[in-house]
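**Student:**
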Amino acid sequence: MIAQLPVSAPAADYRVFLDALRAAGFRGQFSADYGTRTVLATDNSIYQRLPQAAVFPLDADDVAKVATLMAEPRFRQIKLTPRGGGTGTNGQSLTDGIVVDLSRHMNQILEINVEERWVRVQAGVVKDQLNAALKPHGLFFAPELSTSNRATVGGMINTDASGQGSCTYGKTRDHVLELHSVLLGGERLHSLPVDDATLAAACALPGRVGAVYRMAREIQETQGELIESTFPKLNRCLTGYDLAHLRDDAGRFNLNSVLCGAEGSLGYVVEAKLNVLPIPKYAVLVNVRYSSFMDALRDANALMAHKPLSIETVDSRVLMLAMQDIVWHSVAEYFPADPGKPTLGINLVEFCGDEPDEVNARVAAFIQHLQGDQSVERLGHTLAEGAAAVTRVYTMRKRSVGLLGNVEGEVRPQPFVEDTAVPPERLADYIAEFRALLDGYGLTYGMFGHVDAGVLHVRPALDMKDPAQAALVKPISDAVAALTLRYGGLLWGEHGKGLRSEYVPEYFGALYPALQRLKGAFDPHNQLNPGKICTPPDSAEGLIKVNEAPLRGEHDRQIDERVWQSFASAVHCNGNGACYNYDPDDAMCPSWKATRQRQHSPKGRASLIREWLRLQGAANVDVLKTNGTSWLKGLPQRLRNVRAQQRGQADFSHEVYDAMAGCLACKSCAGQCPIKVNVPDFRSRFLELYHNRYQRPLRDYLIGSLEFTIPYLAYAPGLYNAVMGSKFVGGLLAERIGMVDSPLISRFNFQATLKRCGVRAASVPALRELTPAQRERSIVLVQDAFTRYFETPLLASFIDLAHRLGHKVFLAPYSANGKPLHVQGFLGAFARAAIRNGTQLKALADCGVPLVGLDPAMTLVYRQEYQKVPGLEGSPKVLLPQEWLMDVLPEQSGGKTASFRLLAHCTEKTNVPASTKQWEQVFSRLGLKLATEATGCCGMSGTYGHEARNQETSKVIFEQSWAGKLDKDGEPLATGYSCRSQVKRMADRKLRHPLEVVLQYVIG
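Here full-length UniProt numbering is used: the first residue of the sequence shown is 1, the next is one more, and so on.
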């Protein structure tokens, strides 16, 4: 039996602050529950700090209420830190105070001015969200990030973010026209470049706004020479408190130079006016391969002479990880393998412009250089031409950050010295010394970055659970800081300072007191993101040191190693945040997109299960040995626990349960997450453990038993449908059981199809009597409960198609697949069903006839969940329909004009990335056009959409993507039973399966 887990509440003064905030009319949400705090305790860094609470402002007025209240003398001990996408690698959004999350509600694009090329946005707008809105106008927001699909504009401003293309487009602050900020005490600051007269007027203002202007002007006027000598002349010059750019090239005074990159330590940026640029109409990416990573670095200077937009580099370690990732199938053609000379480094060199001829001429001159220059050995190059091809390659490059966290074992690359910047011409020599430093510690590492800007992301591999290895963070950081200074560079070239701020005084030198005075003007009592970048003069608190900041590994090492290994899919999550993808037409993660609650994301759920495992271990519970109590024997205790729960007894397990119950089990995370965090897997294990302590609802038993009961119910389909279709029974099921819109059993005459097509029951004797030639023209059709009993005509169509293609169909005996059992956490029952079914299928497969399943979600269970059941590790591969058709469907003549669109099932397209392309190829063989539509989740995902508790969320998910895809040109087709059911339920439309189109056009 797992333990009850009461957890600590926020400190008393923070509870008082939240009560006062509610009384002050704060209209957003705030949360002090342990689950929310746990999820927000980590980001994409090595650190972990548990906040006291989180607030989610509705608008700038809410932010002002927070800032006003905390300035009261009674709340001067309250600390607040802003948070956007939470993708930072240095812990800048982590705090032991209150998190102010501006991403949940303040995410609106307020105005787009196409003529003048600017936009106004709230701080929580995601970069890719903004660019999607700008694209129809031919514009884009230029600063590029690997995390652009989840990084917020507010976060970009607060870290002065930049990435690929910065030598051409600059950093975020180069595109900031105006900022609206809320200062301590609730005052509003509207900052933009001003002339001297306007500056004088601003300095004369009363209150904090006037004070900060006066202080900034004084520093600029009195410290000019020191500023000039202190700030390095780099593309990635110092971010945050940037005194060097208080005066712009036109001589105007611009306070935004200190606000951009200040990490919320000076105020809260709530709105921004941004400069946007025309999208180049044509691009070519030259992918240059090298036999040595150092050759790739040393070649960069010569390549830069051709003035490309950018030069990105990737080492062999990242490249090898990419080859094992979902992304590789789309880019493999650009990186041909040569076993004799393996590729150990690549440079991605982009040329772009509005005129293809001009761009191609530049590319041709560049290639001529590659062919004639012998200064380094190059293995060859390929061209990715056009926006679509360039985007595919850059998608691989963008995943580098996450991919580095997906190496085997516990020693994994860690981000703590990974965004240094040095003069580009010195980068190769600098990296040689950097590598020698790490080699001296016996460490491996991965590297990628922006060689044109002199920025390389170097991640030493450490097991942060090992105290001896974790202790290396400080000496390595010290050594890298000194090395970077010696090369005239910066320790923080791209990702901000955060919990690496202890080196700020060393870099700023005699200028550091000026930074302190500036901080004091904005935040005299050190309440805004304290301990980072700098502290006010005479502050009792100093900068947080690298070896003082709490590390995630300190918590992880408290989890028993056996438990850690068993739940590796969850606990290895490194917080890269790929699951926070804003794009509604991307499969991962539907529950996050619909709720905007971070607990309902793979990262959130992984954080919760990780903390839950730690707390269970602290309570002396071995979660690997809690499944021995029989259901009946444990019933009385479970009922007592449920009554205690109803009386309000605290247990962190309930918060974890709520997060796990909200998961659709679509497995998009398992396919798309760079770390392969598999929420459905550990979700099922948690549900099994949780329900050892707390009684299951009847709904779970009905769902889990569906595959076993449906064959018997199908003997009387009329009666079953009449009962289930009545309003009385429907209302009863919804209110008492928690199930809605139950599907009805098909009354199609399946036996007639079997007889007409000569279908035989699959058995080992029947298959063994076939000749080799007959086996090549036979298949075993593996039934699933949903297409067999609810969509019987579709299963009949598949049989008819196989028959018309000249194949003998053998029907595998119906046996429960077990997926509903697995989803609901009935893992013992699932294992028994899997062994029974898997053993039967293996015997059939051993006869040499291919096995084919129809529904992708059910079929892929044989390849994934079955493989984890002891004894089934070698289970046969059950083919998807398109995989089989690729082997047997002949080419047909063209002349057909029909075109179709594929709305693929989430599990299928994310876990078998080649599957959609295979459908396109199948249609092409018939002379038909099939285009894969970019879609998110439909919102059904098995039985999720049929559960009353999920009904509203299911509808939101459907509306976010699928609802807008149904009426476009070309008939939409859907491969998933769940997807077709959801469209019928939500839009009252019947979608065809691609097989039905193939049957329509195939030559008999």
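Beta carbons: idealized from backbone N, C-alpha and C, even for Gly.
This structure is a prediction, so every number in the text was calculated from the model and none was measured.
Excluding sequence positions up to five away, which residues of its chain have a Cβ less than 7 Å from the Cβ of T89?
**Tutor:** The residue labelled residue 89 in the question sits at position 89 within the sequence shown. Closer than 7 Å at the Cβ level, and outside the excluded window around T89, lie N44, S45, P415, E418, H495.
**Student:** Does the beta-carbon of G1004 have 16 or more other beta-carbons within 10 angstroms, so that it is buried, or is it exposed?
**Tutor:** Here residue 1004 refers to the residue found at position 1004 of the sequence shown. Any reading at G1004 must be qualified, since the residue scores a pLDDT of 47, below 50, and its modelled position is unreliable; no value is offered.
**Student:** Can you tell me whether K755 is buried or exposed, with buried defined as 16 or more other CB within 10 angstroms of its CB?
**Tutor:** By one-based count along the sequence shown, residue 755 stands at place 755. Exposed.
**Student:** Would you decide whether Q48 is buried or exposed? Buried here means 16 or more other CB atoms lie within 10 Å of its CB.
**Tutor:** Counting from one through the sequence shown, the residue named residue 48 turns up at place 48. So Q48 counts as buried.
**Student:** If I'm right that K497 touches I533 with Cβ under 8 Å, what's the distance once you round it to whole angstroms?
**Tutor:** By 1-based counting over the sequence shown, the position of residue 497 is 497. By 1-based counting over the sequence shown, the position of residue 533 is 533. Indeed they touch by this definition, with Cβ atoms about 5 Å apart.
**Student:** Tell me which same chain residues have a C-beta within less than 7 Å of the C-beta of L664, skipping the five on either side of it?
**Tutor:** Counted from its first residue, the sequence shown places residue 664 at position 664. Around L664: P590, S591, C937, S941, Y944.
**Student:** Compute the Euclidean distance between the alpha carbons of Q597 and A931, then round it to the nearest angstrom.
**Tutor:** By one-based count along the sequence shown, residue 597 stands at place 597. By one-based count along the sequence shown, residue 931 stands at place 931. Those two C-alpha atoms are separated by around 33 Å.
**Student:** So, with DSSP's three-state summary, where would you put G1004?
**Tutor:** In the sequence shown, counting from the first residue as 1, residue 1004 sits at position 1004. At G1004 the pLDDT is 47, less than 50, meaning the model places this residue with poor confidence; the figure from the coordinates comes in the next sentence. G1004: coil per DSSP, three-state reduction.
**Student:** In whole angstroms, what separates the C-alpha of K676 from that of A670?
**Tutor:** As a first step, residue 676 must be located in the sequence shown, where it is residue number 676. As a first step, residue 670 must be located in the sequence shown, where it is residue number 670. Their Cα atoms are separated by approximately 5 Å.
**Student:** Which complete beta strand (DSSP E) runs does the stretch 301-377 hold, if anything under 3 residues is left out?
**Tutor:** Here the runs fully enclosed are 310-315, 345-353.
**Student:** Comparing alpha-carbon positions, which option in A510, E410, E433, H457 lies nearest residue 1019?
**Tutor:** In the structure displayed, the chain extends from 1 to 1004; residue 1019 sits before or after that span and is not available.
**Student:** Could you round the C-beta distance between A53 and A23 to whole angstroms and report it? I think they count as a contact, below 8 Å.
**Tutor:** As a position in the sequence shown, residue 53 is number 53, starting the count at 1. As a position in the sequence shown, residue 23 is number 23, starting the count at 1. Not a contact, Cβ separation roughly 16 Å.
**Student:** Considering only C-alpha positions, which residue in the set L702, D96, F708, F826 is nearest to G738?
**Tutor:** By 1-based counting over the sequence shown, the position of residue 738 is 738. Checking every option, the nearest Cα to that of G738 belongs to L702.
**Student:** State the start and end residues of the unbroken alpha helix (DSSP H) segment that holds L713.
**Tutor:** Against the sequence shown, residue 713 aligns to sequence position 713. Per DSSP, L713 belongs to the alpha helix (DSSP H) from 706-713.
**Student:** Determine, using beta carbons only, whether Y487 and A461 come nearer to each other than 8 Å.
**Tutor:** For this step, residue 487 is matched to residue 487 along the sequence shown. For this step, residue 461 is matched to residue 461 along the sequence shown. Not closer than 8 Å, so no.
**Student:** From the DSSP output, in three-state form, read off H450 for me.
**Tutor:** The residue given as residue 450 occupies position 450 in the sequence shown. Looking at H450 - three-state DSSP - the assignment turns out to be strand.
**Student:** In whole angstroms, what is the alpha-carbon distance linking R989 and M858?
**Tutor:** The residue you call residue 989 lines up with position 989 of the sequence shown. The residue you call residue 858 lines up with position 858 of the sequence shown. Distance between the alpha carbons of R989 and M858: 23 Å.
**Student:** Less than 8 Å between the beta carbons of A845 and L811, yes or no?
**Tutor:** Taking the sequence shown and counting its residues from 1, the one referred to as residue 845 is at position 845. Taking the sequence shown and counting its residues from 1, the one referred to as residue 811 is at position 811. No, they are not a contact pair.
**Student:** Sort out for me which residues DSSP pairs A272 with in a bridge.
**Tutor:** One-based indexing of the sequence shown puts residue 272 at position 272. In DSSP, A272 forms a bridge with V121, L179.
**Student:** Within the same chain, show all residues whose beta-carbon is closer than 6 Å to that of R693, passing over the 5 residues directly before and after it, in chain order.
**Tutor:** Residue numbering aside, residue 693 sits at position 693 when the sequence shown is read from its first letter. These residues qualify, in order along the chain: M1, I2, N641.
**Student:** Can you tell me which of K896, V480, G85 puts its alpha carbon nearest to the alpha carbon of A151?
**Tutor:** Taking the first residue of the sequence shown as 1, we reach residue 151 at position 151. For A151, the nearest C-alpha among the options comes from G85.
**Student:** Which first and last residues belong to the alpha helix (DSSP H) in which E494 is found?
**Tutor:** Sequence index remark: in the sequence shown, residue 494 carries index 494 (1-based). Unbroken run through E494: none, as it is neither H nor E.
**Student:** For H180, collect the residues of the same chain with a Cβ closer than 6 Å to its Cβ; drop the 5 residues on either side in sequence, then sort them by chain order.
**Tutor:** Here the question's residue 180 lines up with position 180 in the sequence shown. Cβ neighbours of H180 beyond the five flanking positions: H190, V270, E271.
**Student:** Going by alpha carbons, who is nearest to V861 out of C847, L880, P850, G848?
**Tutor:** Residue mapping note: residue 861 aligns to position 861 of the sequence shown, counting from 1. V861 has its Cα closest to that of L880, out of C847, L880, P850, G848.
**Student:** Taking its Cβ as the centre, do 16 or more other Cβ atoms sit within 10 Å of V314, making it buried, or is it exposed?
**Tutor:** On the sequence shown, residue 314 is found 314 positions in, with the first residue counted as 1. V314 comes out buried.
**Student:** Which term fits Q783, buried or exposed, when burial requires 16 or more other beta carbons within 10 angstroms of its beta carbon?
**Tutor:** Mapped onto the sequence shown, residue 783 falls at position 783. Burial call: buried.
**Student:** Report buried or exposed for G871, applying the criterion of at least 16 other Cβ atoms within 10 angstroms of its Cβ.
**Tutor:** Position 871 of the sequence shown, counted from the first residue, corresponds to residue 871. Exposed, because fewer than 16 other Cβ atoms sit within 10 Å of the Cβ of G871.
**Student:** Just grab the DSSP bridge partners of R83 for me.
**Tutor:** As a first step, residue 83 is located in the sequence shown; it is residue number 83 there, counting from the start. Paired residues: D101.
**Student:** Helix, strand or coil for P415? Go by DSSP, reduced to three states.
**Tutor:** On the sequence shown, residue 415 is found 415 positions in, with the first residue counted as 1. Coil.
**Student:** Return the first residue and the last residue of the beta strand (DSSP E) that L733 is part of.
**Tutor:** The residue given as residue 733 occupies position 733 in the sequence shown. Here L733 belongs to no beta strand (DSSP E), and DSSP marks it neither H nor E.
**Student:** Go ahead and pull the three-state DSSP assignment for E947.
**Tutor:** Within the sequence shown, numbered from 1, the residue matching residue 947 stands at position 947. E947 falls in the strand class under three-state DSSP.
**Student:** Between the Cα of V121 and those of N107, L134, E115, spot the shortest distance and give me the residue it belongs to.
**Tutor:** In the sequence shown, residue 121 corresponds to position 121, counting from 1. Of the listed residues, the one whose Cα sits closest to V121 is N107.
**Student:** Helix, strand or coil for N158? Go by DSSP, reduced to three states.
**Tutor:** For this step, residue 158 is matched to residue 158 along the sequence shown. If DSSP states are grouped into helix, strand and coil, N158 belongs with the helices.
**Student:** Do L344 and S316 come within 8 Å of each other at the CB atom, strictly closer than that value?
**Tutor:** Taking the first residue of the sequence shown as position 1, residue 316 is located at position 316. Taking the first residue of the sequence shown as position 1, residue 344 is located at position 344. Their beta carbons are under 8 Å apart, which means S316 touches L344 by this criterion.
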